[in-house]
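Each residue of the sequence shown is one higher than the one before, starting from 1 at the first, in the UniProt record's numbering.
Even glycine gets a Cβ: it sits at the ideal position worked out from N, Cα and C.
Below is one structure, written out as structure tokens; the observations come after it.
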Amino acid sequence: MKIKSAVLRESGAPTPYAESRPIKIETLELDSPQRGEVLVQIKAASLCHSDLSVMDGSRPRPLPMALGHEAAGIVAKVGEGVTDLAEGDHVVCVFVPSCGQCIPCKEGRPALCEPGAESNTAGTLLSGGRRLHTETENVNHHVGVSAFSEYTVVSRHSLIKVEKDIPFEKLALFGCAVITGVGAVINTANIKLGSTVAVVGLGGVGLSALIGAIAAGASKVVAIDINDSKLQLAKELGATHTFNSKDPDAVHSIREQTSGGLDYVFETAGAVSAMEVAYQITKRGGTTITTGLPHPEHHFSFPYLTLTAEERTLKGSYVGSCVPNRDIPRFIDLFKQGRLPVDRLHSESISLEDINEGFDKLAKGESLRIIIKM
């Protein structure tokens, strides 16, 4: 079938993207789903920094590539062997397919699925195949999803079936921002009731972590960013303290007002400068956790002695250490109860044709989650 899709053919284009237009809306041929695969009609897809990092070259991927990964839609057709999904089911896409057979999957860590990581890096589906092409060339899949498309074919292992009582533009958020941010708090850190928490970087993932910390019973939640409007939203969502990290005295002020630092500090910006702030405001005996995906050549250094002498912990969190088929329904239930108000992350809705302008806003930090409604 022929579909419209947002295709990136070259990374590193100059900003503003509204002028350089690195993403082209192309008509592609989409093959039918093969064994273990599903055809999904995409109804809503969010713009995320993981897409932006492919565009600017800090997350190298094989090109040309149909971008997009944080999305929700409707099952249009199932391939051979798919028995637990049917046409008309509502699904959330997950950007790491889990094979269920490798050691990390068997250990209950599907975010670290080895075949999933290999296929995502190669730009294929979990099977190793590609279902997108033009008359002359194959087009790579973005992390097995390629959601900035009218329809997409994905592995069954990239989908979570959900109830039909939530609008798609809200469901889409659960595929990346929510599971990464809330999951980092609940799964990776496993924070305790009454813990003190800080979040450095208030994008979709950072604000999800903040919401998750409040839901988990943190007694103090500190929000840190360079954008005052995001700090204001953090206050509205329940942050007890806010600091603009452009203030040269920010680290000193935070440590002073939190009696030497916080139990858990989450860095979600994917920038070395943000990670340095996060480590400096973590208290003795505390834990610093990063969900960021910086350029592979960037390095973070810290005083080695502090790991032992202050019994520090430094951890990474990928996909919020989630088990998606367990956690996405659980987080959706908490949203419906009003305990995870992640719908506040939805800044605006745009058309597929306005995607370059949308990424300009995201790159400038002017928006949280911009949703493409198909």
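Express the C-alpha separation of residue j and residue i in angstroms, rounding to a whole number.
| i | j | result |
| --- | --- | --- |
| residue 71 | residue 285 | 38 Å |
| residue 250 | residue 197 | 16 Å |
| residue 99 | residue 108 | 12 Å |
| residue 10 | residue 121 | 16 Å |
| residue 319 | residue 79 | 27 Å |
| residue 297 | residue 275 | 15 Å |
| residue 326 | residue 248 | 42 Å |
| residue 205 | residue 177 | 5 Å |
| residue 123 | residue 116 | 11 Å |
| residue 200 | residue 352 | 31 Å |
| residue 163 | residue 309 | 49 Å |
| residue 213 | residue 135 | 49 Å |
| residue 311 | residue 57 | 36 Å |
| residue 291 | residue 43 | 27 Å |
| residue 220 | residue 86 | 45 Å |
| residue 22 | residue 256 | 45 Å |
| residue 195 | residue 131 | 47 Å |
| residue 32 | residue 144 | 15 Å |
| residue 24 | residue 252 | 46 Å |
| residue 114 | residue 34 | 21 Å |
| residue 342 | residue 366 | 18 Å |
| residue 101 | residue 112 | 12 Å |
| residue 41 | residue 363 | 28 Å |
| residue 137 | residue 224 | 45 Å |
| residue 16 | residue 167 | 31 Å |
| residue 354 | residue 228 | 26 Å |
If you count every other CB in all the chains shown that lies within 10 Å of the CB of residue i, and 16 or more means buried, which is it?
| i | result |
| --- | --- |
| residue 30 | buried |
| residue 307 | exposed |
| residue 88 | exposed |
| residue 97 | buried |
| residue 83 | exposed |
| residue 27 | exposed |
| residue 356 | buried |
| residue 103 | exposed |
| residue 49 | buried |
| residue 361 | buried |
| residue 14 | exposed |
| residue 217 | exposed |
| residue 5 | buried |
| residue 2 | exposed |
| residue 305 | exposed |
| residue 119 | buried |
| residue 51 | buried |
| residue 241 | buried |
| residue 90 | buried |
I believe residue i touches residue j by the beta-carbon criterion, under 8 Å. Please report the beta-carbon distance rounded to the nearest angstrom.
| i | j | result |
| --- | --- | --- |
| residue 142 | residue 68 | 6 Å |
| residue 179 | residue 331 | 7 Å |
| residue 191 | residue 264 | 5 Å |
| residue 222 | residue 158 | The Cβ separation is near 35 Å, so there is no contact. |
| residue 334 | residue 215 | 6 Å |
| residue 155 | residue 127 | 7 Å |
| residue 261 | residue 283 | 3 Å |
| residue 287 | residue 313 | 4 Å |
| residue 63 | residue 8 | 6 Å |
Per DSSP, what are the beta-bridge partners of residue i in this structure?
| i | result |
| --- | --- |
| residue 26 | 5 |
| residue 93 | 159 |
| residue 40 | 75, 152 |
| residue 139 | 132 |
| residue 243 | 224 |
| residue 65 | 8, 140 |
| residue 168 | Answer by DSSP bridge pairing: none, since residue 168 is not bridged. |
| residue 46 | 70, 371 |
| residue 287 | 264, 313 |
| residue 348 | 370 |
| residue 197 | 221, 264 |
| residue 282 | 262 |
Does the beta-carbon distance from residue i to residue j come in below 7 Å?
| i | j | result |
| --- | --- | --- |
| residue 45 | residue 148 | yes |
| residue 53 | residue 61 | no |
| residue 39 | residue 77 | yes |
| residue 379 | residue 324 | Residue 379 lies beyond the range of the chain shown here (1 to 374); nothing can be said about it. |
| residue 75 | residue 174 | no |
| residue 140 | residue 65 | yes |
| residue 202 | residue 234 | yes |
| residue 81 | residue 36 | yes |
| residue 383 | residue 181 | This structure cannot settle anything about residue 383, because the visible part of the chain is limited to 1 through 374. |
| residue 301 | residue 188 | no |
| residue 184 | residue 281 | no |
| residue 371 | residue 346 | yes |
| residue 243 | residue 226 | no |
| residue 294 | residue 316 | no |
| residue 358 | residue 350 | yes |
| residue 245 | residue 272 | no |
| residue 374 | residue 150 | yes |
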